[in-house]
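Enquirer:
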Amino acid sequence: MLEKLFKLSEHGTNPKTEIMAGVTTFMTMAYILAVNPSILSAAGMDPTAILLATAIASFIATCCMAFWANLPFALSAGMGLNAYLAYTVVLGYGYSWQLALLAVFVEGLIFIALSLTNVREAIFNAIPLTLKRGVSVGIGLFIAFIGLQNSGLCVDSSTLVTITSFTENFSTHGICALLALVGLLITAVLHIRGVKGSILIGIVATWLLGMLCQLVGIYVPAPDAGFYSLFPAGIISADFSKLGETFGQCFKVDFGSIKLLDFLVVIFAFLFVDLFDTLGTLIGVATKADMLDKEGHLPGIKPALMADSIGTSVGAVLGTSTVTTFVESAAGVAAGGRTGLTALVTGVLFLLSTLFAPLFTAIPSFATAPALIMVGFLMVSSVTEIRFDDDNLTEAIPAYIAIIAMPLFYSISEGISLGIISYVVLNVCTGKAKQVKPLVYILALLFVLKYIFL
0 MLEKLFKLSE HGTNPKTEIM AGVTTFMTMA YILAVNPSIL SAAGMDPTAI LLATAIASFI
60 ATCCMAFWAN LPFALSAGMG LNAYLAYTVV LGYGYSWQLA LLAVFVEGLI FIALSLTNVR
120 EAIFNAIPLT LKRGVSVGIG LFIAFIGLQN SGLCVDSSTL VTITSFTENF STHGICALLA
180 LVGLLITAVL HIRGVKGSIL IGIVATWLLG MLCQLVGIYV PAPDAGFYSL FPAGIISADF
240 SKLGETFGQC FKVDFGSIKL LDFLVVIFAF LFVDLFDTLG TLIGVATKAD MLDKEGHLPG
300 IKPALMADSI GTSVGAVLGT STVTTFVESA AGVAAGGRTG LTALVTGVLF LLSTLFAPLF
360 TAIPSFATAP ALIMVGFLMV SSVTEIRFDD DNLTEAIPAY IAIIAMPLFY SISEGISLGI
420 ISYVVLNVCT GKAKQVKPLV YILALLFVLK YIFL
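First residue of the sequence shown? That's 0 in numbering that gives the first Met the number 0, and the numbers climb one at a time after it.
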C-alpha cells in the first residue's frame, strides 16, 4: 500500500528511512508549537486555541503535501508571518486579530487561484533575487528583535532600547533574562554540534533550568507582575473546547469598518512574504535533495504550492497565521526522506501533539525567546549571498533599506514597501529602467499610493 501511494522504490527509499526522516523533521520544527502561541497571544488570542489550530493546520497542510505532491516537505505556521500578524497588523495598525485572520484567509484563497496558474511563479521571478534575500534577512532581524524583547533582554530606555539591568528585580525579570541568554548559548552550541532538534532541545533545557531556579528560590513567581509558576498544571488533555475561541472567528468581523486599500496592503504583505518564503524553501530544499529536473524545475511544484495555499486558508479558519513550507524539512531530507511518506509521518506527529496542549502552552516566553533569536540568525545568514559590489548597487541598496526598515520600523510590510520603491527609483534614475519588470513598477506605484492616502 505504501509503495503504491508513495512510490518508494522508484525514489530509492524504504518505509523505515521515510519514517525516521519524518520524525527528524518533526523534531526540528516542533518548536513552532511553543513559539507560535507565544507570539500570537500578544494579539489577544488564547494560547491553547492557537496551539490546537497550529497543530491541526500543520497536519492538514502536510498531508496535502504528502498525498498530492508526494514530496518530503512539512508545513506549519510561518515564522515572520506570525510576528507580522501580531506585532504589525494587530498591535501596530490597531486591527482586531479576527480581521487579521480574515486577511490570511483571503490571502490563502488568492494563492489557491495563483497556484492553478503560472502567475505565482511570474511574481516570484519579477522580483530581483537580491531583494528577495534582503527581505529574508530583514525578517530574521525582526524576529530576533522580538525574541530579545520577549526574553526581557531588550528594554525601553532614553536611547529607545538598551540591555536590561540583570540585578534589578532579579528574582523575576532579571533571572528570566539571564535564563534566556543561557538558553540562547545552549541552543547555539547544539546547533554548531549538529544536534537534530537543537532549537526544541534548547527550549526544553531553558525551561527546565527555570524550574530548577524556582525550586531553589532563585526565581520567585509574582502573578501580579506577570511572572507565573514555571511548572505546568497538566501534561495531557483531550479537551479541544478552547479551539472554539478562534475557530471561524475570521468571518466575525465588522466589514463596514474595513478600509479597503489598507486591508489590501495587509493582504499583499502576507502574499509577498509567503510567496517568496514558500517558493524559496521548496527550491532550496529540493536542490539539496537533488530533486530538480534538468531544467532546474521541481516536479510536482504546483500541488506543493496548492498544499501551502489550502493550509493557509484552513489555518485562518482554525485560528492561526499563514501556513508555509518549513526550511527545517531539509533535516528530514538529509536523513533520507524522499517521498510524501516522510511528510505524512510529520503531519501525524503534529496531530498527536494536540494531546499535549497543556505542556506546550505552559512554556514561558523566556524559554521560547532563544528559539526566535536563533531562527533570526538562520534567516540573517543569507546576507552573505547579497552582492554589494558596484555592478549590483541598484539591487543591493534597496535590499539594505528593506533589511534595516523591518526591525527599526517594527514592520515587515514597511521593509517590503521601501525596498521595492527604492529599487524602482534607483534603477530609473541611473538609466537602468529596462531592468525593472513591469509588475515591479505596478507594485511600487501601489506602495506609493499607500503612503499618500493611508
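Cβ atoms here follow ideal geometry from the backbone N, Cα and C, with glycine treated the same way.
Computed from a predicted structure; not experimentally measured.
#1: Please report how far the alpha carbon of I111 lies from the alpha carbon of P406, in whole angstroms.
#2: Which runs of the alpha helix (DSSP H) fall wholly inside the region 398 to 428 and span at least 4 residues, in chain order?
#3: What does DSSP give as the partner residues of V155 in its beta bridges?
#4: Regarding T280 and the ligand ATP, is the C-beta to nearest heavy atom distance less than 7 Å?
#5: Suppose the cutoff is 6 Å on Cβ atoms and the five residues either side in sequence are ignored; what does the same chain contact list for T87 look like?
#6: Between A368 and G146, which are expected to be in contact by the criterion C-beta below 8 Å, what is the C-beta distance as a whole number of angstroms?
#7: Suppose you measure from the CA of N81 to the CA of V103; what does that come to, to the nearest Å?
#8: Going by alpha carbons, who is nearest to L39 out of I400, I419, V134 and A315?
#9: Hey, L259 and I55: beta-carbon distance below 8 Å or not?
#10: Under the rule that 16 or more other beta-carbon atoms within 10 Å means buried, what is R337, buried or exposed?
#11: Tell me where the alpha helix (DSSP H) around V322 begins and ends.
#12: Given that a residue counts as buried once 16 or more other Cβ atoms are within 10 Å of its Cβ, and exposed if not, what is M0?
#13: Who are the Cβ neighbours of D45 in its own chain at under 8 Å, not counting the five residues just before and after it?
#14: Nearest-angstrom Cα distance between F250 and N391?
#15: Please classify A76: does DSSP put it in a helix, a strand, or coil?
#16: Taking DSSP's pairing of strands, which residues face F226 in a bridge?
#17: Please name the residue, chosen from L7, V22 and S114, that lies closest to G299 on a Cα-to-Cα basis.
#18: Take L438 as the anchor and find which of L448, V423 and K449 has the nearest alpha-carbon.
#19: In the region 18 to 59, which residue ranges form an unbroken alpha helix (DSSP H) of at least 4 residues, counting only runs that do not cross its ends?
#20: Less than 6 Å between C-beta atoms, sequence neighbours within five positions excluded: which residues of the same chain meet that for A454?
#21: Taking all protein chains shown into account, do 16 or more other C-beta atoms lie within 10 angstroms of the C-beta of L177, making it buried, or fewer, making it exposed?
Expert: A quick look at the data gives this:
#1: Residue 111 sits at position 112 when you count from the first residue of the sequence shown. Residue 406 sits at position 407 when you count from the first residue of the sequence shown. The alpha-carbon atoms of I111 and P406 are separated by roughly 30 Å.
#2: 411 to 428
#3: Here the question's residue 155 lines up with position 156 in the sequence shown. Contrary to the premise, residue 155 reads as Asp rather than Val in this sequence. Paired residues: V160.
#4: Summarising the ligand content, the structure contains no ligands, and the ligand ATP is consequently not present.
#5: Against the sequence shown, residue 87 aligns to sequence position 88. Within the same chain, T87 has close Cβ partners S410.
#6: If you number the sequence shown from 1, residue 368 lands on position 369. If you number the sequence shown from 1, residue 146 lands on position 147. Sure, about 4 Å apart at Cβ, within 8 Å.
#7: In the sequence shown, residue 81 corresponds to position 82, counting from 1. In the sequence shown, residue 103 corresponds to position 104, counting from 1. When rounded, the distance between both Cα atoms is 10 Å.
#8: The count along the sequence shown starts at 1 and reaches residue 39 at position 40. Checking every option, the nearest Cα to that of L39 belongs to A315.
#9: Within the sequence shown, residue 259 is the residue found at index 260, counting from 1. Within the sequence shown, residue 55 is the residue found at index 56, counting from 1. No, they are not a contact pair.
#10: Locating residue 337 in the sequence shown gives position 338, counting from the first residue. Looking at its Cβ environment, which holds 16 or more other Cβ atoms inside 10 Å, R337 is buried.
#11: If you number the sequence shown from 1, residue 322 lands on position 323. Taken as a continuous stretch (DSSP letters only), V322 belongs to no alpha helix (DSSP H), being part of the beta strand (DSSP E) at V322 to T324.
#12: Walking along the sequence shown from the start, residue 0 turns up at place 1. M0 is exposed by the Cβ-count criterion.
#13: On the sequence shown, residue 45 is found 46 positions in, with the first residue counted as 1. These residues qualify, in order along the chain: K241, E244 and T245.
#14: Here residue 250 refers to the residue found at position 251 when the sequence shown is read from its first residue. Here residue 391 refers to the residue found at position 392 when the sequence shown is read from its first residue. Rounded to whole angstroms, F250 to N391 spans 45 Å at the Cα level.
#15: As a position in the sequence shown, residue 76 is number 77, starting the count at 1. In this structure, A76 counts as strand in the three-state DSSP scheme.
#16: Within the sequence shown, numbered from 1, the residue matching residue 226 stands at position 227. In the DSSP output, where bridge partners are listed per residue, F226 has A221.
#17: Position 300 of the sequence shown, counted from the start, is the residue given in the question as residue 299. It is S114 whose Cα lies nearest to the Cα of G299.
#18: Locating residue 438 in the sequence shown gives position 439, where the first residue counts as 1. For the residues L448, V423 and K449, the minimum Cα distance to L438 belongs to V423.
#19: 31 to 39
#20: Outside the displayed span of the chain (0 to 453) sits residue 454, for which this structure offers no information.
#21: The residue labelled residue 177 in the question sits at position 178 within the sequence shown. It counts as buried.
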